[in-house]
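Take a look at the structure set out below.
Protein chains: 4
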Amino acid sequence: MVHRVSPARQSSSKRPALVAPRDEAKAVFKRAILEAAAVVFLERGFHAARIQDIAERARIGVGTVYNHFEQKEDVLLALLEEHTAALVERFAAAPGDGPSFGARLEGRLGRILAYQDAHRPFFAVVIDYGLIGPSSGASAMVLKGRRPRQIDRLRREVVALMAEGIDEGVLQPRLGPLLLGRVLVGVLRALTQDALLAGEGRAVDRAADVVEVFMKGSAAKRSRQP
Amino acid sequence: MVHRVSPARQSSSKRPALVAPRDEAKAVFKRAILEAAAVVFLERGFHAARIQDIAERARIGVGTVYNHFEQKEDVLLALLEEHTAALVERFAAAPGDGPSFGARLEGRLGRILAYQDAHRPFFAVVIDYGLIGPSSGASAMVLKGRRPRQIDRLRREVVALMAEGIDEGVLQPRLGPLLLGRVLVGVLRALTQDALLAGEGRAVDRAADVVEVFMKGSAAKRSRQP
Amino acid sequence: MVHRVSPARQSSSKRPALVAPRDEAKAVFKRAILEAAAVVFLERGFHAARIQDIAERARIGVGTVYNHFEQKEDVLLALLEEHTAALVERFAAAPGDGPSFGARLEGRLGRILAYQDAHRPFFAVVIDYGLIGPSSGASAMVLKGRRPRQIDRLRREVVALMAEGIDEGVLQPRLGPLLLGRVLVGVLRALTQDALLAGEGRAVDRAADVVEVFMKGSAAKRSRQP
Amino acid sequence: MVHRVSPARQSSSKRPALVAPRDEAKAVFKRAILEAAAVVFLERGFHAARIQDIAERARIGVGTVYNHFEQKEDVLLALLEEHTAALVERFAAAPGDGPSFGARLEGRLGRILAYQDAHRPFFAVVIDYGLIGPSSGASAMVLKGRRPRQIDRLRREVVALMAEGIDEGVLQPRLGPLLLGRVLVGVLRALTQDALLAGEGRAVDRAADVVEVFMKGSAAKRSRQP
DNA sequence: AATGAATGAGACTTCATTCAT
DNA sequence: TATGAATGAAGTCTCATTCAT
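Chains as they are written, first to last, in our numbering: chain A, 807 to 1032; chain B, 807 to 1032; chain C, 807 to 1032; chain D, 807 to 1032.
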C-alpha cells in the first residue's frame, strides 16, 4: 500500500506559483487523470476503458479519480471540454494569417495540428466524440443528452469559416457550410490519422496537404485564387 | 414461454421456395439477427449493445442469438463479412463504367452507395470497423486479433484503384495510394453520413459530389481532365 | 436433419418377441438413453452432463430424451433404479454359495462384480449415488428429497448380511452392521475403482481380495474360521 | 449498499497483532471465503454451489469473492491446497510415534483425524477431490488439467508409507502400495464419514478402529508383529 | 414418435462506484 | 486527501425444457 504524494508527471507543471498550493496539487491530479484517460480512451474506447486502467496509468488509486470526477462519463466530458477550449483558441483567426482564404485556413489548421502533435491521444478522442459532431452512434450514446459547450463552439467556428469561404467565392456553395465542414474534418482525419496511430511524423507537416486537398476539392467552379 | 414461429420480418422473403424449409427458417433467423444487430450496433456501439437489445429488436429470445452465433463478437464479425462481401462485389469494375478514371470511380462508388441506401445501418458499422481499416482504437480493440477476410479484400481493392489513378496520371502520386484511399473514404463519410443519421435523402445521389470533391482535391498537379 | 429409426445399439436386444413391437421400440430407446447417460454421468458428473451430451452419445435427438423422461433428474433416478434392481437380485443369497459366511459373501460379491464388469459406467455412478447411501453431499443434493426405492432395498440387504456376520460371530460387533457395510463398500470401491477408471482387468477377479481384506479387517476378535 | 467491515468470523482470529492491519483484513476475508466455500461445496457439490451461496454464508458481497479469487474453480483449488498442505504436515512422521508400523500409522492417522475434526466440511471435500486421487469422474472434471501440488504430495506420502509397511513385512505385498493406499482411504472414509455427515462424535476417536481394520485386513499372510 | 431450434431462467463474472482507513 | 477493498447491478453465456414440424 504505497502512499504516493503526487501522480506521475510526464510534463511537470511550469506554471508560476500564482495558485494556492492546495489547488495546484488538485490541478496536478486532475491533469494526470485526464492525460491518462485520453490514452486509455484512445486505446480501448470509452466503454472498454476501466477506471482502474486510467488510475493505473496515472499512477494513482481508483478512489482518487472519484475525488476529482463524479462519474466516468465526466472524465470524458472534462477531457473534451478542456482540450476543445484550447482548440477553439487556436482555431481563432490570428493577425499574421495572410489575406487569402487558403492562407487563413492553413494558418488556423496549422495551429490546430500543432496542438494535435502535442496532445495526440486526446485528439483522436475529440475527433471521435466531437469536432464536428459525434462520428458514430456509439459516441453520441456515451454523451447521452449532454452537449459539451466547447465542442459546440468549435463546430460553430468551423461552420462559420466555411461560410466565409463560400461568401468569398472560393468554396462551392452547393454543399453548404456544414457539409463542407464535414469534408474538411474528413480530409483532416484521413491525412493525419495514420500518423496518430503509427506514432510517426508530425501532423503539423500535413497542414499544407490538408488545405490543398480540401481547397481544390471544394473549390467553387470558376475559382480564381490569386 | 411463447414460441414464436418466425422473427419479425420487415422485408419479408421474396425468395422462391427452392430451399428446404428448415434451412430457410434458419437463414431467416440469422438474417433477422444481423439486421437487428446492425441497427443496435449503429445506435449504441458494440460495447453498449446488449444481446437483449438485439434479440428484442429481432423479436426473438436471447438464447436464440446464441443458437446462431457463438459470441457477441461473432455477430459483429458475421455482419461485417456478409455485407463487406457484397461491397467487394459491387466495387468491382463493371463493363458499362465508362473509360475515364473519374467515370469508373463514379460507377463503382455509385454501386456502393446504392447498397448503402439499401442497408444503411450496416454501412455505418462497416465504416467504423473496416472499409479502409478500423477508424478508432476502440474499433480495433473489439476485433482483437481477428482480421475479417472480406474487409481486407475491400481495402486492397480500394488501394489498387487509387494506384491505378496514380499510374494514369490523374491522382497525385505524392500522397500515395493508401492515403488517397483514406481521403476517399473520409470524403465519402463526410458527404453521406448525415444522410445516414438524419435518415433523409439517398446516399447514391451524392456519388457525383463525392467523386468531384475527391478527384479535384486529389488531382495530379497538371491534371487535364476533359 | 436425419431421421434415425433407432438409436445406436451396442448390444442389440436378444429378447424374444413377447412384447408388442411398439413397446419394444420404446424400450430400445429408453435403454440407449440410460446407457449413454451412465457414461456421461460417469465422465462429467450429473451437473456437468448436458442432455445434449447424452442424446449425442445415444445417437438420438434431445427432444427424444424428453419423450422418455420428464426431467434430467429422472434419467439418473431411472438409471439407479434399473441397475440397482439387478444388483439386489444378484446380491440375494444363492443355493450354491457355500456354508461359511466368507464363502457366502464371496459368492454374493462375485455376482455383483460380474455385473459391474458388464456395466462399468453405471457402477461408478451407483457407488456415488447409492449402494450404501450417497457418498457426498453433492450426490445427496441431486436426489433432493427422493429416496430411490431399490437403493434403499440394496442398502438394507447389505446391512442385513453384515448383521448375519455379527450374529455368527465372524464379524466384530463393535462397529455395528451399518458401519461394517460402509467398510465393505469402501474396500470394494478401493479395490475395483482403478480397474474401472483405467479400463483394464476385471472387477470380478478382485472378489476374493475384497472378501479377504474385508473379512480379516473386520473379523471378530477371537474369530475361528475353519 | 451496505459496507460491512468484516465478514462473519465463527472462529475469531487469535493471532497476535504482528501483521499489518490491511494484510490481516485481507487474510480474514480470504479465510472466511474458504471456510464458507468448504461448507457449501460439501453441501451442494462444486457445480451446484453458487458463488452467491458462498458469499452469503461468508456474509460478504458476491464481488468480494472475486477480489480474492479469479474464478470459482480457484476457490476450490485454494481450499484443497491450503488444507492439504496442513494434512501433509500432520501426516509426516513424528518423533513420539512409536516403533511398530501400526503405532506409527496410528500416530499419523490420529493427527489427520484431529485435523478433520477441526475442519470437517473441508475434509469431505478433500476426500472427494484429492487425498488419493479424484474419487469420481465428476471431481476429475472440475479440476480439468490442473494437478494441485499439495494433493500430489500427500498421495505420494501415503503410497510411500504403504511401501514401508510392505518392506517391513507387515502389509501384504500382493496388492501393491497404491491399492493399499486406496484401501486405507476407503476404510478411513467409511469409518469417519457418517460422523461427518451426522455431525456427531469425533473422527479422531476412530483412529484406532481405522488402523485395526486396515492392518488386519491388509496384513501379510504370516504377519508376526512384535 | 423423433427431432432440433427456440426460449428464458439462472449462473458466472466484470466493473463503476462507495467508503473505512 | 489518497487509497484500494467491498459491493451489487448488469451483461454474457449456458443449458434444461418446450413444441412446431
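Just so it is clear, CB atoms sit at the ideal spot from N, CA and C, and this is done for glycine as well. From a predicted model like this one, the values you see are computed outputs, not experimental measurements.
What does a CB cutoff of less than 7 Å around residue i pick up in its chain, not counting 5 residues either side in sequence?
| i | result |
| --- | --- |
| A:L1121 | Residue 1121 of chain A lies beyond the stretch modelled for chain A, which goes from 807 to 1032, so this question has no answer here. |
| A:V965 | P983, L984 and G987 |
| A:E1006 | none |
| B:A892 | Y921 |
| C:G916 | V1010 and A1013 |
| B:P813 | V834, F835, A838, A864, R865 and I866 |
With a 10 Å radius around its C-beta and 16 neighbouring C-beta atoms as the bar for buried, classify residue i as buried or exposed.
| i | result |
| --- | --- |
| C:R995 | buried |
| C:P954 | buried |
| A:A1013 | buried |
| C:K950 | exposed |
| C:G992 | buried |
| C:P901 | exposed |
| A:Q816 | Unreliable placement is indicated for A:Q816, whose pLDDT of 48 sits below 50; no coordinate value is reported for it. |
| D:R952 | exposed |
| D:R961 | buried |
Skipping 5 residues on each side, what residues in its chain have a beta carbon closer than 8 Å to that of residue i?
| i | result |
| --- | --- |
| B:Q858 | V868 |
| B:G904 | R910, E912 and G913 |
| B:L886 | V931, V932, Y935, G936, P954, Q956 and I957 |
Which residues in the same chain as residue i place their Cβ atom closer than 6 Å to its Cβ, once the five residues preceding and following it in sequence are excluded?
| i | result |
| --- | --- |
| C:A855 | V846 and F847 |
| C:L990 | F1020 |
| C:T870 | none |
With distance defined between alpha-carbon atoms, name the residue in the options nearest to residue i.
| i | options | result |
| --- | --- | --- |
| B:P979 | B:M1021, B:V1010, B:A831 and B:R962 | B:M1021 |
| A:L882 | A:V993, A:G975, A:A946 and A:V976 | A:A946 |
| A:E895 | A:T998, A:Q956, A:D973 and A:V1017 | A:Q956 |
| D:A844 | D:A833, D:A861, D:K832 and D:A831 | D:A861 |
| A:D923 | A:G908, A:V1016, A:L981 and A:T998 | A:T998 |
| B:G943 | A:V976, A:A838, A:R837 and A:H853 | A:H853 |
| C:G908 | C:R1008, C:E974 and C:K836 | C:E974 |
| D:L977 | D:A1026, D:F875 and D:H874 | D:A1026 |
| B:E876 | B:H889, B:R865, B:L960 and B:I839 | B:I839 |
| A:I866 | A:K832, A:A884 and A:D1015 | A:K832 |
| B:E841 | B:E963, B:V1016 and B:H925 | B:H925 |
| C:H889 | C:D829, C:R959 and C:E970 | C:R959 |
| A:L981 | B:A884, B:A899 and B:D1015 | B:D1015 |
Rounding to the nearest angstrom, what Cα-Cα distance links residue i and residue j in this structure?
| i | j | result |
| --- | --- | --- |
| A:A920 | D:Y872 | 45 Å |
| C:V1019 | D:S1024 | 6 Å |
| A:I972 | A:S906 | 13 Å |
| D:R863 | C:F897 | 43 Å |
| B:G851 | C:G851 | 41 Å |
| B:L967 | A:V948 | 37 Å |
| C:E879 | D:E963 | 39 Å |
| C:R1017 | D:E970 | One detail in the question is off: residue 1017 of chain C reads as Val in this sequence, not Arg. Each residue's alpha carbon lies about 24 Å from the other. |
| C:I918 | D:H874 | 47 Å |
| B:P1032 | A:A884 | Legend: pLDDT at B:P1032 = 44, less than 50; position of this residue unreliable, value from coordinates given subsequently. Answer to the nearest angstrom: the Cα atoms are 51 Å apart. |
| D:R1008 | C:R1008 | 37 Å |
For this session: Note down, in chain order, all residues in the region 944-962 of chain C with a beta-carbon under 8 Å from any beta-carbon belonging to chain D.
Result: A944, S945, M947 and V948
Exercise. In the region 881-900 of chain C, which residues sit with their C-beta less than 8 Å from some C-beta in chain D, listed in chain order?
Worked result: none
Exercise. When Cβ atoms are compared, which residues of the region 909-936 of chain C fall closer than 8 Å to chain D?
Worked result: A930 and D934
Problem set entry | Contact list for the region 833-867 of chain C against chain D, Cβ threshold 9 Å | F847, L848, E849, R850, G851, F852, H853, A854 and A855
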